[in-house]
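Count the sequence shown with my numbering and you get residues 21 to 572, in order.
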Amino acid sequence: MSKDHPSYTKWQEQELARVLGRFPERKAPFTFHGGREVPRLSLPEQIDDDYLERTGFPGRFPYTRGVQPTMYRGRFWTMRQYAGFSTAAASNERYRYLLDQGQTGLSIAFDLPTQIGYDSDDVMSLGEVGKVGVAIDTLADMEILFDQIPLDKISTSMTINSPAMVLLAMYIVVAEKQGVRADAIMGTIQNDILKEYVARGTYIFPPKPSLRLITNIFQWCAANAPKFNTISISGYHIREAGSTAAEEVAFTLANGLTYVQTALDAGLQLEVFAPRLAFFFNASSNLLEEVAKFRAARRLWALMMREKFGATKPATTMLRFHTQTAGNTLTAQQVDNNIVRVTIQALAAVLGGTQSLHTNSRDEALSLPTEDSVRTALRTQQIIAHESGVADTVDPLAGSFYIEQLTDTIEQEARELIERVDEFGGVVECIENGFIASRIEDSAYQYQQEIEAGERVIVGVNEFQVDENVAVPVLRVDPAVEDEQVSRLKAIKAERDQDAVRKALTVLETTARTEEANLMEPVIDAVRCYCSLGEICNVLRSVFGEYRGRQW
Numbered sequence: 021m022s023k024d025h026p027s028y029t030k031w032q033e034q035e036l037a038r039v040l041g042r043f044p045e046r047k048a049p050f051t052f053h054g055g056r057e058v059p060r061l062s063l064p065e066q067i068d069d070d071y072l073e074r075t076g077f078p079g080r081f082p083y084t085r086g087v088q089p090t091m092y093r094g095r096f097w098t099m100r101q102y103a104g105f106s107t108a109a110a111s112n113e114r115y116r117y118l119l120d121q122g123q124t125g126l127s128i129a130f131d132l133p134t135q136i137g138y139d140s141d142d143v144m145s146l147g148e149v150g151k152v153g154v155a156i157d158t159l160a161d162m163e164i165l166f167d168q169i170p171l172d173k174i175s176t177s178m179t180i181n182s183p184a185m186v187l188l189a190m191y192i193v194v195a196e197k198q199g200v201r202a203d204a205i206m207g208t209i210q211n212d213i214l215k216e217y218v219a220r221g222t223y224i225f226p227p228k229p230s231l232r233l234i235t236n237i238f239q240w241c242a243a244n245a246p247k248f249n250t251i252s253i254s255g256y257h258i259r260e261a262g263s264t265a266a267e268e269v270a271f272t273l274a275n276g277l278t279y280v281q282t283a284l285d286a287g288l289q290l291e292v293f294a295p296r297l298a299f300f301f302n303a304s305s306n307l308l309e310e311v312a313k314f315r316a317a318r319r320l321w322a323l324m325m326r327e328k329f330g331a332t333k334p335a336t337t338m339l340r341f342h343t344q345t346a347g348n349t350l351t352a353q354q355v356d357n358n359i360v361r362v363t364i365q366a367l368a369a370v371l372g373g374t375q376s377l378h379t380n381s382r383d384e385a386l387s388l389p390t391e392d393s394v395r396t397a398l399r400t401q402q403i404i405a406h407e408s409g410v411a412d413t414v415d416p417l418a419g420s421f422y423i424e425q426l427t428d429t430i431e432q433e434a435r436e437l438i439e440r441v442d443e444f445g446g447v448v449e450c451i452e453n454g455f456i457a458s459r460i461e462d463s464a465y466q467y468q469q470e471i472e473a474g475e476r477v478i479v480g481v482n483e484f485q486v487d488e489n490v491a492v493p494v495l496r497v498d499p500a501v502e503d504e505q506v507s508r509l510k511a512i513k514a515e516r517d518q519d520a521v522r523k524a525l526t527v528l529e530t531t532a533r534t535e536e537a538n539l540m541e542p543v544i545d546a547v548r549c550y551c552s553l554g555e556i557c558n559v560l561r562s563v564f565g566e567y568r569g570r571q572w
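Structure (structure tokens):
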């Protein structure tokens with residue numbers, strides 16, 4: 021089909037009208053970069069039906085070339101930096117610094133006790149408070165965390181899974197206290213428990229009640245917080261655990277399909293919850309493979325949503341995703357090399373069409389990043405956006421024979437793996453029988469063998485080593501933070517309305533024992549009267565039990 025074909029011409033006119041209507045400053049079909057005209061969208065001279073079906077146009081099913089017709093010519097991806105450490109006050113200071121430096125969205129890291137539903141004064145929390153993220157025990161901590169940060173203007177991503185409902189409830193109540201209604205808040209909670217069982221380990225409850233909590237969030241947010249993304253289905257941690265690119269796509273989409281089916285089984289309408297599904301992928305160092313991976317994931321999700329669930333509306337078939345550069349590629353040796361790695365990985369995410377991006381810092385193989393390192397990581401995104409020219413045209417790598425062949429290969433491998441998961445009884449059964457975890461572990465073992473045999477070069481590790489005597493500044497969390505957080509929690513517990521706390525926790529337990537009931541409102545009520553995260557999770561533990569994982 022040539023460019024003067026009626027369907028092409030009609031689409032071009034519609035797309036151009038949309039661009040001019042939304043972005044009047046971009047009236048010309050060309051941008052000018054370095055004195056050279058850059059086409060807004062490149063297409064082959066002849067477009068056959070197969071090309072249209074498999075690759076097509078940006079913003080059109082199956083979204084191989086991106087989910088928006090204009091991509092970054094309309095606006096750049098959201099630039100996030102994943103941050104959180106020590107106390108809520110210290111993290112708030114870092115967030116406001118990052119926003120002042122041009123970050124356009126927050127991404128919250130919680131400490132390990134918070135991620136697995138323990139208060140800072142619990143014996144299980146000893147030595148871990150505020151270490152890998154910020155400690156959040158009650159609504160009081162969340163109020164400090166977002167002090168002077170307007171929640172009607174800032175999009176917030178929270179990496180929290182098993183206790184996601186509790187942290188979302190805290191966020192909603194903090195917004196209320198700022199005068200911001202739930203229907204105005206923007207952001208994402210990770211809320212992806214299935215990958216925790218096979219790749220990350222911060223689970224609390226068994227799969228079935230965990231899926232109930234997730235579905236309850238879908239239901240409540242569809243009615244009350246329609247701008248908030250209720251789940252970020254994560255391949256990031258699957259890749260960090262050692263999977264291949266195709267396995268990352270396969271197991272992530274298999275989990276996503278499971279969430280969709282669970283929500284449908286609970287009576288939700290696809291058009292209501294599917295538009296708020298988001299994904300989270302890893303960007304590793306093989307630049308072209310990563311670009312192809314993102315294209316394959318978009319296309320395969322769109323096709324499978326149509327095949328399995330009859331989805332037809334764009335919002336129900338469109339895969340939108342956040343990306344983080346690969347933490348497992350960072351090295352303690354020659355830490356400045358990590359800046360180069362992160363740049364390549366960030367470029368892969370942008371060329372692959374990400375909607376939002378976090379760039380890791382050079383020193384994260386040693387510690388939490390310093391302020392200077394975080395600024396350099398953010399500047400990496402800004403340089404790609406404003407100086408590299410890759411955002412001047414939509415989908416600049418389209419038409420590459422290698423990219424499109426690799427996209428087809430990854431899609432086919434991922435589809436075959438998803439079909440194997442289905443043959444074994446689905447994702448939950450594959451968690452129990454160890455199929456998914458074993459595949460990831462085998463891939464991780466093979467990768468490490470290649471490094472140790474010298475078949476895979478890691479610069480500065482197994483080749484091109486140097487003697488390093490220069491000390492790298494590292495951020496260390498003061499051990500006194502734990503005592504400070506515990507004292508603060510004790511004061512909150514002593515000052516609150518104890519009768520209201522007892523009543524809220526009793527209602528929560530009763531509701532949890534009623535399988536058809538939605539737990540979101542009882543959790544919000546418990547949060548409002550300053551019930552702690554640990555108290556709420558312990559009530560749910562008493563009803564749901566705890567998941568113990570595979571026994572070897």
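Ideal Cβ placement from N, Cα and C applies to all residues, glycine included.
Per DSSP, the continuous beta strand (DSSP E) segment holding Q101 begins and ends at T98 to A103.
Nearest neighbour of A537 by Cα position, chosen from L146, R93, Q239 and F96, turns out to be Q239. Taking a contact as a CB-CB distance under 8 Å, the pair M99 and L398 counts as one, their CB atoms being some 7 Å apart. Under the DSSP assignment, V547 falls in the alpha helix (DSSP H) whose first and last residues are M540 to R548. In the same chain as P493, and ignoring 5 residues on each side of it, the C-beta atoms closer than 7 Å to its own belong to T390, in chain order. In the DSSP assignment, P133 falls outside any beta strand (DSSP E) and within the unbroken alpha helix (DSSP H) covering L132 to Q135.
Closest in C-alpha terms to L290, from the list N275, F300 and T337, comes T337. Unbroken beta strand (DSSP E) stretches of 3 residues or longer found wholly inside the stretch 311-348: 341-345, given in chain order. Of all alpha-carbon atoms in Y191, E216, S420 and T134, the one lying nearest the alpha-carbon of L371 is that of S420.
Of all alpha-carbon atoms in V543, N244, L187 and A369, the one lying nearest the alpha-carbon of L308 is that of A369.
With respect to L320, L273 sits close: the two C-beta atoms are nearer than 8 Å.
One thing to note: C549 has its Cβ no nearer than 8 Å to the Cβ of R496. Segment contact: the stretch 92-108 against the stretch 67-82, fewer than three CB-CB distances shorter than 8 Å; contact not assigned.
Rounded to the nearest whole angstrom, the C-alpha separation of K151 and E504 is 13 Å. Comparing alpha-carbon positions, the option among C557, N306, A322 and L528 lying closest to A265 turns out to be N306.
Look at the beta carbons and you see the stretch 412-427 touching the stretch 83-93: at least three pairs across the two are nearer than 8 Å.
Ranked by Cα distance from I251, the first of N236, I209 and P226 is I209.
Residue burial is scored here from C-beta neighbours: N489 has fewer than 16 other C-beta atoms within 10 angstroms and is therefore classed as exposed.
When the Cα atoms are used, Q468 and A294 turn out to be separated by approximately 38 Å. In summary, I456 is buried, with 16 or more beta-carbon neighbours lying within 10 Å of its beta-carbon over all protein chains present.
Pairing T379 with A366 gives a Cβ-Cβ distance under 8 Å.
Take L132, set aside five residues on each side of it, and the residues of its chain with a beta-carbon closer than 6 Å to its own are E148 and V152, in chain order. For a cut-off of 8 Å, the C-beta gap from T134 to I156 is around 5 Å, short enough to register as a contact. DSSP lists no beta-bridge partner residue for H257. In this chain, the alpha helix (DSSP H) harbouring S393 covers E391 to E407.
Of G569, E424 and Q101, the smallest CA-CA separation from D392 is found for Q101.
Where F444 is concerned, there is no enclosing alpha helix (DSSP H), because DSSP gives it neither an H nor an E. With contacts defined as CB atoms closer than 8 Å, H342 and F314 fail to qualify as a contacting pair.
T374 and S304 have their C-alpha atoms roughly 14 Å apart.
Of the residues assessed, P542 falls on the buried side of the cut-off, its CB having 16 or more other CB atoms within 10 angstroms. DSSP lists T176 and F248 as the beta-bridge partner residues of G207. Here L297 carries a strand assignment [DSSP, helix/strand/coil]. With a 10 Å radius around the Cβ and a threshold of 16 neighbouring Cβ atoms, E443 comes out exposed. Looking from the CA of F105, the closest CA among D487, V547, S387 and E449 belongs to S387. Here the alpha carbons of N249 and G554 stand approximately 25 Å from one another. For S463, the uninterrupted alpha helix (DSSP H) run begins and ends at F455 to E472, by DSSP.
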